[in-house]
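J.: I am attaching a structure below and will ask some questions about it afterwards.
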Amino acid sequence: MELPAFIAPFLIGASIIIILFPEYRLRGVWLVLTISLGAGLGLGITSSTIFLWLAYMGPPGSYYFAAELGLAVILALFAFYRIHYSAYSPQEDSGLNCGAIPGTIAWLRNIFLFLMLISVGSFLLKTFFQDPHGIWDAVDTWNYRARWLFRGGPHWTYAFSLRAKDGLDYPLLITTSVFRMWQILGKDPIAIPILIAGIFTFGSFLILFSSLALLRSRNQGYLAAIFLFVSTQFFNIGTYQYADVPLAFFILSTVVLFSLKDRYPEVSSPLVFLAGLTVSCAAWTKNEGQLFLVLVISVYFIGQLGKKDWSKTLKEFIGFTLGLAPVLGTLFYFKFNFALENAHINVDSLKQFGTYLFDIERYIIVGTTWINKFLTFNDGIVWLMAGYFLFSGKDRSDLIKKRLLSHTTLLLLMMCSYFFIYIIYPGNPRDLLSTSLRRIIIQLWPTWVFLFFYYVKGPEKNVPIPANPPRSF
Amino acid sequence: MFQKKLKKFKSDVDVQLSKYFPSVRAAVLFIVIPALFIVPIYFFSILTEIVTGEIEIPVLEYETRLASIKKDLPANAVVNYVSNSKAPYDLINAAYVLIPVRIVEGPKPAHDLLIFQNFDAAEMPKFEGHTLKKDYGNGVMLFKRVK
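Chains as they are written, first to last, in the working numbering: chain A, 1 to 473; chain B, 1001 to 1147.
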């Protein structure tokens, strides 16, 4: 019953991808990537449009939904035309054809499908029978606000009131996505936030699989996804309906899109446009996403100025900015007009930053807690990674090493930034560490898994790892 | 020396595993075998908790407790909320369930209506300036301000 509310976002997100890449014709791994990435992007875009409508026109009714559906249908028709046209027009081979890939290890694929099925069962049990309203942040912030937007009528702005100490300036992707679907249905069933949590949780698994299938091999994609299934803490946070998993989804998508850009430079413009969209969605999901946005620009554009042709970098940056603008514009509008100040960043706390920055004890507390948490995260899953690396070894191709450098730098900078946020936190850093460190790791975890499996040797034995993997999926 | 031993250990393991899985690297099993245990065990642990009733869903309990009083509260009203619950999420759960009613924690500043949630006290509480309007029988009471 609730699925029709998801049709428009899915059509919008998937159609944008198809319009940009019509030659893929929705087959194979590309179909998986289009569905999972398109679903997330569609939710990001429609959560932005419904908020703008709400802010300017009041609670959205049939006019809004007619406009949204109209946009979805137009984009879908255009996408259909592009697929149809590309099917009959001779094209220069972009290298991304959909030919069957020999060498898929059938039992590895079957295990992947089996674990996916079991995980779907676990997700349904956990969400519908254990925590249908989500946990803590979901009840206190994300779904709380969505309920206010839906039930509040003319008083919907109370959703951003001073009731809670935290979260006064939290962005709205999850909140307005839930509100949007409730508004369409005319009631507020718990199935909607659960559906959205499911889209981002399983979307992360599918993006991880499909991206590695494109960049390395299907077997590598299966193995990486199986590894993420073992990361039950990532899965748990997804069922809690927290915004950390959607943020992880967009961070992973962004790094994947930049990896695809490095791999397929001939289609860099549409890829950076999509990356702009995913980065803006990350910023629209959580405040940490805004930090991610700054670092993406620093690493992928400013950091490349001396290394690449500046005119090419500028062209890519323009494409990126075009993708960034719509959702980021909504975020700015929200921040300037509705969001109250951040509970932790104010004039008083800024005055103490200097003191905290030179407080060695804070470094010791934060540093030891971080090391301990990383080594024991998800029952010590990093040791499983270490074991795999020890026995498998790294891919010795220089190209892969080169491609990974900027992505690894980006993630390390994110971690450094998080580290210093704990250092300058105006309060006892132990409190913040105990409540947030696990979720901070979760935000970057799927991307670390992606980079790890991009880097290490694949599962296949006696298959030489090409410096430039076959251009097909 | 250590490297030599490690290399020998790796090759021995590889040889043994290659007998059973000739097409993949031994390292793959480091991930696949734990996954085949962990993911199903995780599923059955959730299922067991549900079947044995070892779970609490506070929000649903609050939905049930406060369902009757919600009907008597005007939409968007501001009401006082007092509770003797020691649960850390008591206020948040009540605020979430009662939307679009706005709740103010404690009896002051006094508003026209006051909700009291009694989880364990035997005596009827008294709130200055308020009188009991309705007792819903499940520990939930509605007080009104005396003018």
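C-beta: ideal position from N, C-alpha, C; glycine also.
DSSP three-state label for A:I237, please.
T.: As a working note, residue 237 of chain A is residue 237 in the first sequence. Helix.
J.: Output, in sequence order along the chain, the residues in the region 1032-1044 of chain B whose CB is closer than 8 Å to any CB in chain A.
T.: V1032, P1034, A1035, L1036, I1038, V1039, P1040, Y1042, F1043
J.: Pull the bridge partners of B:Q1117 from the DSSP assignment, please.
T.: Counted from its first residue, the second sequence places residue 1117 of chain B at position 117. Within the DSSP bridge table, the entry for B:Q1117 names B:S1083, B:V1140 as partners.
J.: Please work out which residues of its chain come closer than 6 Å, Cβ to Cβ, to A:S417, disregarding the five sequence neighbours upstream and downstream, and give them in chain order.
T.: Working through the first sequence from its first residue, we reach residue 417 of chain A at position 417. The residues are L291.
J.: In this structure, does DSSP put B:I1103 in helix, strand or coil?
T.: As a first step, residue 1103 of chain B must be located in the second sequence, where it is residue number 103. Looking at B:I1103 - three-state DSSP - the assignment turns out to be strand.
J.: Closest by CA to B:G1137, which one among B:P1100, B:I1057, B:T1064?
T.: On the second sequence, residue 1137 of chain B is found 137 positions in, with the first residue counted as 1. Of the listed residues, the one whose Cα sits closest to B:G1137 is B:T1064.
J.: Could you say if the region 248-262 of chain A and the region 395-407 of chain A meet the contact criterion of at least three C-beta pairs nearer than 8 Å?
T.: Between the region 248-262 of chain A and the region 395-407 of chain A, the count of C-beta pairs closer than 8 Å reaches three or more; the two stretches touch.
J.: Closer than 8 Å, CB to CB, is A:R147 near chain B or not?
T.: Within the first sequence, residue 147 of chain A is the residue found at index 147, counting from 1. Judged by the 8 Å Cβ criterion, A:R147 is in contact with chain B.
J.: Please list the residues of the region 1043-1074 of chain B that have a C-beta atom closer than 8 Å to any C-beta atom in chain A, keeping them in chain order.
T.: From the region 1043-1074 of chain B, only F1043, I1046, L1047, E1049, I1050, I1055, I1057, V1059, L1060 have a Cβ closer than 8 Å to chain A.
J.: Let me see if you follow: with CB-CB separation under 8 Å, is A:S392 close to chain B or not?
T.: In the first sequence, the residue the question calls residue 392 of chain A occupies position 392. Yes, contact with chain B.
J.: Decide if the region 265-277 of chain A is in contact with the region 314-328 of chain A; the criterion is three or more beta carbon pairs, one per stretch, under 8 Å apart.
T.: yes
J.: Under the DSSP definition of a beta bridge, which residues are partnered with A:K394?
T.: Residue numbering aside, residue 394 of chain A sits at position 394 when the first sequence is read from its first letter. A:V456.
J.: For A:Y240, which residues from the same chain have a beta carbon less than 7 Å from its beta carbon, with the 5 sequence-adjacent residues on both sides left out?
T.: Your numbering for residue 240 of chain A matches position 240 in the first sequence. Result list for A:Y240: D131, G134, I135, A138, in chain order.
J.: Apart from the five residues just before and just after A:G357, which ones in its own chain have a Cβ nearer than 7 Å to its Cβ?
T.: One-based indexing of the first sequence puts residue 357 of chain A at position 357. At residue 357 of chain A the sequence reads Leu, which differs from the Gly that was named. Closer than 7 Å at the Cβ level, and outside the excluded window around A:L357, lie I423, I424.
J.: First and last residue of the alpha helix (DSSP H) that includes A:T49?
T.: The residue labelled residue 49 of chain A in the question sits at position 49 within the first sequence. DSSP places A:T49 in the uninterrupted alpha helix (DSSP H) bounded by 28-57.
J.: By the criterion of Cβ-Cβ separation under 8 Å, what are the contact partners of A:Q130 in chain B?
T.: By one-based count along the first sequence, residue 130 of chain A stands at place 130. Those are I1046, E1049, I1050, I1055, I1057, listed as they occur along chain B.
J.: Residue range of the alpha helix (DSSP H) that A:L172 falls in?
T.: The sequence position of residue 172 of chain A within the first sequence is 172, counting from 1. A:L172 -> no alpha helix (DSSP H), and no H or E assigned at all.
J.: Could you give the DSSP three-state label for B:L1073: helix, strand or coil?
T.: Looking up residue 1073 of chain B in the second sequence gives position 73. DSSP places B:L1073 in coil when its eight states are reduced to three.
J.: Inspect the CB distances between the region 1029-1039 of chain B and the region 1088-1108 of chain B and report whether three or more fall short of 8 Å.
T.: no
J.: Closer than 9 Å by beta-carbon distance: list the chain A residues that pair up with B:Y1096, in chain order.
T.: Working through the second sequence from its first residue, we reach residue 1096 of chain B at position 96. Simply H133, V139, D140, N143, Y144, R147.
J.: Among the candidates A:S48, A:S392, A:R216, A:I83, whose CA atom is the shortest distance from the CA of A:Y333?
T.: Sequence index remark: in the first sequence, residue 333 of chain A carries index 333 (1-based). Residue nearest to A:Y333 within the set A:S48, A:S392, A:R216, A:I83 is A:S48 (criterion: CA-CA distance).
J.: In whole angstroms, what separates the C-alpha of A:F10 from that of A:G203?
T.: Looking up residue 10 of chain A in the first sequence gives position 10. Looking up residue 203 of chain A in the first sequence gives position 203. The alpha-carbon atoms of A:F10 and A:G203 are separated by roughly 12 Å.
J.: Report yes or no: do three or more beta-carbon pairs, one from the region 227-239 of chain A and one from the region 167-179 of chain A, lie closer than 8 Å?
T.: No: the two stretches stay apart, fewer than three of their Cβ pairs being nearer than 8 Å.
J.: So what does DSSP say about B:D1135, is it helix, strand or coil?
T.: Counting from 1 along the second sequence, the entry for residue 1135 of chain B is found at position 135. Strand.
J.: Counting only the same chain and skipping the five closest in sequence on each side, list residues whose C-beta sits under 6 Å from that of A:L212.
T.: Numbered from its first residue, the first sequence carries residue 212 of chain A at position 212. Once the five neighbours on either side are set aside, the close Cβ partners of A:L212 are Q220, G221, A224, F453.
J.: Counting only beta-carbon atoms, is A:Y158 nearer than 8 Å to chain B?
T.: By 1-based counting over the first sequence, the position of residue 158 of chain A is 158. Yes, its Cβ sits closer than 8 Å to a Cβ of chain B.
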